[in-house]
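**Student:** Chains as they are written, first to last, in our numbering: chain W, 1 to 295; chain R, 296 to 680. From the three backbone atoms N, C-alpha and C, an ideal C-beta is built for every residue, glycine too. Keep in mind that this is a model prediction, so the values were computed, not measured.
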Amino acid sequence: MGTLLQQTVNALSLGGVYALLALGLATVFSIVRLINFAHGEVMTIAGYGIWWALLLALPAPVAILAGVAVAVGAALAMERIAFRPMRGADVTTLLITSFAVSEIIKVLFQNGISARPVPIVLPAWLTSTIDLGAVRIGMISVVSIAAVVLALGAMALLLRRTPLGLAMRAAAEDFAVVRLMGIKANHVVALAFAISGALAGIAAVLWVAQRGSVDPLMGATPVLKAFIATVLGGLGSLGGAVLGGFVVGAVEVFLQGFLPEAALPYREAISLSIIIGLLVLRPDGLWPAANVSRS
Amino acid sequence: MRRPDSGTLLLLSAALLAAPAAVAQEEYVIGVAAAQSGGLAPFDQPSFAGFQFCVDEMNAQGGIAGQHPIRLEVRDTRSDMAETVKFAQEFVDLGVNFVVGPADGDPTMAMGQITGPAGIPTMTFAGTAPILTQVSDYVFGSYPADNQQAAVLASYARELGYGSAWLLKSPDAAYTLIGPEYFGQAFQTLGGTVLGEGSYTMNQPEFSAIVTTIQALDPQPDVIVTWAWEPDFPAFIRALRDAGVTTPVMGADVLDTPTVRGLGDVVEGVVHTSGGYAEEGSAHADFNARYLAATGLAADTNYHVNGCDIVGMIDAAVRAAGSTDPSAVRDALADLPETQGIMSSYTFAGTDRMPLRSVVLARIEGGQKVFIRRGLADPAIIPAP
Numbered sequence: 001m002g003t004l005l006q007q008t009v010n011a012l013s014l015g016g017v018y019a020l021l022a023l024g025l026a027t028v029f030s031i032v033r034l035i036n037f038a039h040g041e042v043m044t045i046a047g048y049g050i051w052w053a054l055l056l057a058l059p060a061p062v063a064i065l066a067g068v069a070v071a072v073g074a075a076l077a078m079e080r081i082a083f084r085p086m087r088g089a090d091v092t093t094l095l096i097t098s099f100a101v102s103e104i105i106k107v108l109f110q111n112g113i114s115a116r117p118v119p120i121v122l123p124a125w126l127t128s129t130i131d132l133g134a135v136r137i138g139m140i141s142v143v144s145i146a147a148v149v150l151a152l153g154a155m156a157l158l159l160r161r162t163p164l165g166l167a168m169r170a171a172a173e174d175f176a177v178v179r180l181m182g183i184k185a186n187h188v189v190a191l192a193f194a195i196s197g198a199l200a201g202i203a204a205v206l207w208v209a210q211r212g213s214v215d216p217l218m219g220a221t222p223v224l225k226a227f228i229a230t231v232l233g234g235l236g237s238l239g240g241a242v243l244g245g246f247v248v249g250a251v252e253v254f255l256q257g258f259l260p261e262a263a264l265p266y267r268e269a270i271s272l273s274i275i276i277g278l279l280v281l282r283p284d285g286l287w288p289a290a291n292v293s294r295s
Numbered sequence: 296m297r298r299p300d301s302g303t304l305l306l307l308s309a310a311l312l313a314a315p316a317a318v319a320q321e322e323y324v325i326g327v328a329a330a331q332s333g334g335l336a337p338f339d340q341p342s343f344a345g346f347q348f349c350v351d352e353m354n355a356q357g358g359i360a361g362q363h364p365i366r367l368e369v370r371d372t373r374s375d376m377a378e379t380v381k382f383a384q385e386f387v388d389l390g391v392n393f394v395v396g397p398a399d400g401d402p403t404m405a406m407g408q409i410t411g412p413a414g415i416p417t418m419t420f421a422g423t424a425p426i427l428t429q430v431s432d433y434v435f436g437s438y439p440a441d442n443q444q445a446a447v448l449a450s451y452a453r454e455l456g457y458g459s460a461w462l463l464k465s466p467d468a469a470y471t472l473i474g475p476e477y478f479g480q481a482f483q484t485l486g487g488t489v490l491g492e493g494s495y496t497m498n499q500p501e502f503s504a505i506v507t508t509i510q511a512l513d514p515q516p517d518v519i520v521t522w523a524w525e526p527d528f529p530a531f532i533r534a535l536r537d538a539g540v541t542t543p544v545m546g547a548d549v550l551d552t553p554t555v556r557g558l559g560d561v562v563e564g565v566v567h568t569s570g571g572y573a574e575e576g577s578a579h580a581d582f583n584a585r586y587l588a589a590t591g592l593a594a595d596t597n598y599h600v601n602g603c604d605i606v607g608m609i610d611a612a613v614r615a616a617g618s619t620d621p622s623a624v625r626d627a628l629a630d631l632p633e634t635q636g637i638m639s640s641y642t643f644a645g646t647d648r649m650p651l652r653s654v655v656l657a658r659i660e661g662g663q664k665v666f667i668r669r670g671l672a673d674p675a676i677i678p679a680p
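(1) Would you call residue 280 of chain W buried or exposed, if buried means 16 or more other Cβ atoms sit within 10 Å of its Cβ?
(2) Hey, quick one: how far does the alpha helix (DSSP H) through residue 654 of chain R stretch, first residue to last?
(3) Using the three-state DSSP reduction, which class does residue 106 of chain W fall into: helix, strand or coil?
(4) Can residue 579 of chain R and residue 649 of chain R be called in contact, C-beta distance under 9 angstroms?
(5) Given a threshold of 16 other Cβ atoms within 10 Å of its Cβ, counted over all protein chains shown, does residue 318 of chain R qualify as buried or as exposed?
(6) Can you tell me whether DSSP reads residue 428 of chain R as helix, strand or coil?
(7) Would you say residue 542 of chain R lies against chain W (beta-carbon separation less than 9 angstroms)?
(8) Taking the alpha-carbon positions, what's the residue 625 of chain R to residue 606 of chain R distance?
(9) Compare the C-beta of residue 296 of chain W with all C-beta atoms of chain R and state if any pair is closer than 9 angstroms.
(10) Could one say the Cβ of residue 347 of chain R lies closer than 9 angstroms to chain W's Cβ atoms, at least one of them?
(11) Residues of chain R with a CB under 8 angstroms from the CB of residue 54 of chain W: which are they?
(12) Would you please state the rounded distance, in angstroms, between the beta carbons of residue 604 of chain R and residue 636 of chain R? I believe it to be under 8 angstroms.
(13) Which of the residues in the stretch 184–217 of chain W, read from start to end, lie with their CB under 7 angstroms from any CB of chain R?
(14) Are the beta-carbon atoms belonging to residue 99 of chain W and residue 22 of chain W less than 9 angstroms from one another?
(15) Give the DSSP-derived three-state secondary structure of residue 276 of chain W in the structure shown.
(16) Can you name the residues that DSSP bridges to residue 131 of chain W?
(17) Residues of chain W with CB closer than 9 angstroms to the CB of residue 493 of chain R, please, in chain order.
(18) Starting from residue 14 of chain W, find everything on chain R with Cβ-Cβ shorter than 9 angstroms and list it in chain order.
(19) Is there a C-beta anywhere in chain R that falls below 9 angstroms from the one on residue 268 of chain W?
(20) Quick one, which residues of the stretch 92–117 of chain W are near chain R if we go by CB-CB under 8 angstroms, in chain order?
(21) Near residue 680 of chain R, which residues of its chain fall below 6 angstroms by C-beta distance, leaving aside the five closest residues on each side in sequence?
(22) Flag this pair as touching only if the stretch 491–507 of chain R and the stretch 520–536 of chain R have three or more C-beta atom pairs under 8 angstroms; answer yes or no.
(23) Let me confirm a value: residue 286 of chain R is counted as buried when at least 16 other C-beta atoms fall within 10 Å, else exposed. Which label applies?
(24) Contact between the stretch 78–90 of chain W and the stretch 511–524 of chain R is defined here as three or more beta-carbon pairs at a separation below 8 angstroms; is this criterion met?
(25) To test your reading of the DSSP string, which unbroken alpha helix (DSSP H) runs of 4 or more residues are found completely within the stretch 468–547 of chain R?
(26) Drop a sphere of 10 angstroms on the beta-carbon of residue 13 of chain W, count the other beta-carbons inside from all chains shown, and report buried for 16 or more, exposed for fewer.
(27) Tell me the rounded alpha-carbon separation between residue 655 of chain R and residue 118 of chain W.
(28) Buried or exposed, going by whether 16 or more other CB atoms sit within 10 Å of the CB of residue 315 of chain R?
(29) Out of R/537, R/618, R/599, R/672, state which residue places its alpha-carbon closest to the alpha-carbon of residue 398 of chain R.
(30) So residue 633 of chain R and residue 642 of chain R are in contact, right, with Cβ under 8 angstroms, and what is the actual spacing, rounded?
(31) Would a check of beta-carbon distances place residue 552 of chain R closer than 9 angstroms to chain W?
(32) Suppose you measure from the CA of residue 196 of chain W to the CA of residue 544 of chain R; what does that come to, to the nearest Å?
(33) Would you kindly work out how many angstroms separate the C-alpha atoms of residue 187 of chain W and residue 24 of chain W, rounded to a whole number?
(34) When you compare only the Cα positions, how much space is there between residue 95 of chain W and residue 10 of chain W?
(35) Taking Cβ positions only, does residue 139 of chain W come closer than 9 angstroms to chain R?
(36) Taking one C-beta from the stretch 427–444 of chain R and one from the stretch 364–377 of chain R each time, how about it: are there three or more such pairs within less than 8 angstroms?
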């Protein structure tokens with residue numbers, strides 16, 4: 001029972017990071033129909049931002065804030081430099097653009113800083129543990145879950161209680177009509193990228209805290225998982241992205257924890273098979289967007 | 296008969312003067328396929344940097360065997376297997392004398408399947424899987440093999456009184472898969488018990504589920520052993536220690552990096568193997584000083600010095616062969632007796648082309664690599680490849 005509870009905490013912790021990333025992907029996709037595979041590199045940039053801030057001997061909380069701020073800046077710069085000139089291009093062109101941005105950033109980090117990961121040592125209290133009866137939970141897991149709840153709550157408030165959020169939700173429903181209503185497209189798109197950057201920045205903080213280092217390829221795997229989560233949840237659906245993130249995290253953790261030893265090397269294949277099975281049952285995703293359109 | 300004019304005489308004189316020089320400066324062409332980007336770049340970049348540095352030093356002394364200037368044909372594999380194979384074919388087409396491939400067994404084996412049948416000796420920058428030489432008689436290792444490292448580590452684990460071990464491995468690379476298995480075999484030969492094993496995917500997002508599995512083990516192992524590298528090892532050790540598990544952890548040479556040592560308290564006491572240790576006054580320390588002086592960069596991994604040793608190995612083989620003919624060099628290299636390198640001495644004689652080199656044991660203390668000892672693996676417990 002203790003192990004099951006502990007693995008549930010692990011699943012929530014990992015699923016939360018996936019949910020943050022998936023929500024960032026879905027936010028941008030819902031407005032500009034772009035699956036931004038350079039989203040993982042925003043996360044990497046945030047990681048290096050934290051590393052750089054710590055090198056400057058800034059206190060850890062300031063370094064963490066700096067990492068998130070750098071991620072927002074990077075996402076905005078990405079939109080302005082790479083994606084705005086491609087506005088109106090077809091989905092394939094946008095996809096290839098995002099891959100190009102991703103590769104350029106990776107190579108710049110590999111050759112500009114180091115191909116090797118750089119260690120990041122966060123405050124000792126983050127590495128402590130909490131004993132809850134038979135269960136010993138790492139502080140990082142607790143912080144991860146709390147950060148995810150707070151971030152998702154703030155996102156919900158922004159979308160539902162502010163004019164900007166209303167504009168974004170409207171843009172996600174029908175971008176052309178929103179423009180006809182006099183709302184500036186550039187502002188809405190930039191806001192979507194800024195939000196996705198902030199979410200990637202928060203995910204990066206949790207990721208770096210759990211992994212202890214940042215490297216040029218850090219964002220590659222998480223963005224792939226986040227993409228799977230957005231598809232599973234329902235492409236373009238913000239709620240679906242969050243749900244998809246938690247489902248993907250839970251599937252991964254429980255398979256890792258409870259598969260027999262001999263079957264462990266097949267974990268990834270089994271995990272993807274389960275997700276494909278879910279998509280066969282619900283082709284539009286677990287929580288599809290209202291205006292779902294599949295290519 | 297028409298007398299040659301002065302211009303023709305000048306040309307003839309120049310040609311006669313240049314001819315002996317051209318013979319004396321027959322180039323030795325080495326094809327180098329190394330990743331400057333992608334997952335192997337952390338290992339290939341320093342290996343190539345050390346290699347290039349010593350090629351330059353050797354060329355300043357006249358080149359290979361003092362008479363063949365080295366010309367490098369360098370290609371960036373981008374850690375892509377298809378690119379690596381493509382470059383192997385390109386090297387064959389170029390007719391290079393020698394090929395140096397990535398610091399991992401899998402791409403080296405892929406290269407060897409092309410360069411081997413073409414009769415070009417091929418050496419990995421730092422691949423340690425002993426099976427890599429089985430792909431062709433022309434393929435060579437350069438670093439102490441995994442089974443040698445595992446035997447040395449297992450002996451030390453038993454000396455420390457560890458009776459049981461738990462292994463963490465990944466099927467994604469020969470290195471991460473068979474290294475812990477070799478340890479398990481040597482450990483059991485010495486009377487230890489392997490309690491179980493876990494499996495991870497390279498670049499796996501999290502290790503907390505594996506850590507929870509370890510926490511649930513009853514009895515708990517005396518030691519956890521893994522051949523995981525960056526960034527997986529930092530993620531694993533972080534998750535392990537954050538969960539309050541204090542079981543000692545041992546690993547392989549790939550932990551010998553400033554990144555791992557910089558992880559703070561979580562790596563305190565981690566024991567790992569290594570290819571070398573720069574004792575004060577040693578050739579290794581001298582190499583590090585020369586490299587720093589020339590480049591302004593620290594040679595902060597053993598991959599640098601091993602890259603340099605590869606240049607020495609090729610030089611020793613060409614000298615022993617008395618020829619640059621690839622087959623003659625291959626034969627001479629395969630029979631190379633005990634030769635003093637910079638990181639350590641080595642021999643290929645009597646081996647299956649994985650060099651017999653001493654293995655260093657080190658412990659991480661206070662963010663520093665602390666020397667434990669250096670020695671050869673006991674042949675009686677070295678697992679078969």
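**Tutor:** Walking through what the data contain:
(1) Residue 280 of chain W comes out exposed.
(2) If you look at residue 654 of chain R, you'll find it isn't in any alpha helix (DSSP H); it sits in the beta strand (DSSP E) that goes 654–660.
(3) In the three-state reduction of the DSSP assignment, residue 106 of chain W falls in the helix class.
(4) With a cutoff of 9 angstroms on beta-carbon distance, residue 579 of chain R and residue 649 of chain R are scored as not near each other.
(5) Because residue 318 of chain R carries a pLDDT of 47, less than 50, the predicted location of this residue cannot be relied on, and the following value inherits that uncertainty. Exposed: under 16 other Cβ atoms inside 10 Å.
(6) If DSSP states are grouped into helix, strand and coil, residue 428 of chain R belongs with the helices.
(7) So, not an interface residue.
(8) A direct Cα-Cα distance of roughly 14 angstroms separates residue 625 of chain R from residue 606 of chain R.
(9) With chain W covering only 1 through 295, there is no way to say anything about residue 296 of chain W.
(10) Residue contact check for residue 347 of chain R against chain W: no CB pair falls below 9 angstroms.
(11) One finds nothing in chain R with a Cβ atom closer than 8 angstroms to the Cβ of residue 54 of chain W; even the nearest lies about 11 angstroms away.
(12) That pair is a contact at about 4 angstroms.
(13) When C-beta distances to chain R are compared with 7 angstroms, the residues of the stretch 184–217 of chain W below that value are 210, 211, 212, 213, 215, 217, in chain order.
(14) Result no, Cβ atoms of residue 99 of chain W and residue 22 of chain W do not sit closer than 9 angstroms.
(15) Residue 276 of chain W sits in a helix when the DSSP states are folded into three classes.
(16) Partner(s): W/136.
(17) Contacts between residue 493 of chain R and chain W, judged by CB atoms closer than 9 angstroms, involve 256, 261, 264 in chain order.
(18) Ordered by position in chain R, the residues that pass the 9 angstroms Cβ test against residue 14 of chain W are 500, 501, 503, 504.
(19) Closer than 9 angstroms to some Cβ of chain R, the Cβ of residue 268 of chain W qualifies, so yes.
(20) Within the stretch 92–117 of chain W, the residues whose Cβ lies closer than 8 angstroms to some Cβ of chain R are 106, 107, 110, 111, 114, 115, 116, 117, listed in chain order.
(21) So the list reads 425, 426, once near-sequence residues are dropped.
(22) Using a C-beta cut-off of 8 angstroms, the stretch 491–507 of chain R makes contact with the stretch 520–536 of chain R, since at least three inter-stretch Cβ pairs fall below that distance.
(23) Not covered by the structure: residue 286 of chain R. The range shown for chain R is 296 to 680.
(24) Flag = no, the stretch 78–90 of chain W and the stretch 511–524 of chain R do not touch.
(25) Runs of the alpha helix (DSSP H) inside the stretch 468–547 of chain R: 469–484, 503–510, 527–537.
(26) So residue 13 of chain W ends up on the buried side.
(27) Taking the straight line from one Cα to the other gives about 24 angstroms.
(28) The pLDDT assigned to residue 315 of chain R is 46, lower than 50, so where the model puts this residue is not dependable, and the model offers no usable value.
(29) Minimum Cα distance to residue 398 of chain R is reached at R/599.
(30) With 8 angstroms as the limit, residue 633 of chain R and residue 642 of chain R qualify as a contact, their Cβ atoms being about 5 angstroms apart.
(31) Yes, contact with chain W.
(32) Straight through space, the alpha carbons of residue 544 of chain R and residue 196 of chain W are spaced by roughly 38 angstroms.
(33) Taking the straight line from one Cα to the other gives about 17 angstroms.
(34) Separation of residue 95 of chain W and residue 10 of chain W (C-alpha to C-alpha, rounded to the nearest whole angstrom) is 32 angstroms.
(35) Chain R contact via Cβ: present.
(36) With a cut-off of 8 angstroms, the stretch 364–377 of chain R and the stretch 427–444 of chain R do not count as touching, because too few Cβ pairs lie within range.
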